[in-house]
């Protein structure tokens with residue numbers, strides 16, 4: 034069973050991406066209602082997709098990573114295949130998230 038990794042600083046984000054071939058970063062904030070809505074869906078997707086690493090970055094606790102990835106709104110999801118950005122979107126759209134995760138899983 035896969036879980037969501039809480040990435041508390043930029044070095045943790047860098048290490049997380051380097052040790053996982055396929056990964057997703059979920060940028061969130063405790064004060065964000067749409068983030069609270071999508072959180073259980075994201076956590077369930079982590080359990081259902083063990084071949085993809087799921088990370089979570091709180092933009093208030095990890096402003097450095099939020100700035101590095103130019104996060105202007107939350108929730109924002111960035112999908113990586115190795116170190117390359119495979120997809121990105123902002124919003125609590127379950128269908129969009131599922132589509133991008135499926136595309137990421139199917140990528141080489």
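In the working numbering, the protein residues as written are 34 to 141.
For each residue, glycine too, the CB sits at the ideal point set by N, CA and C.
None of the values given here were measured: they were computed from a predicted structure.
Beta-carbon contacts of residue 118 that lie in its chain and below 8 Å, excluding the five residues immediately before and after = The residue given as residue 118 occupies position 85 in the chain shown. Within the same chain, residue 118 has close Cβ partners 111, 112.
Terminal residues of the continuous beta strand (DSSP E) containing residue 115?
-> Here residue 115 corresponds to residue number 82 of the chain shown, with the count starting at 1. No residue range can be given for residue 115, since it is assigned to no beta strand (DSSP E) and is classified by DSSP as neither H nor E.
Nearest-angstrom Cα distance between residue 41 and residue 130?
-> The residue labelled residue 41 in the question sits at position 8 within the chain shown. The residue labelled residue 130 in the question sits at position 97 within the chain shown. Rounded to the nearest angstrom, the two C-alpha atoms are 23 Å apart.
Which of helix, strand or coil does DSSP assign to residue 127?
-> Here residue 127 corresponds to residue number 94 of the chain shown, with the count starting at 1. Residue state, collapsed to three classes: helix.
Own chain, CB closer than 8 Å to residue 37, minus 5 neighbours either side, in chain order | Looking up residue 37 in the chain shown gives position 4. 59, 75, 76, 79, 87, 88, 89, listed in sequence order.
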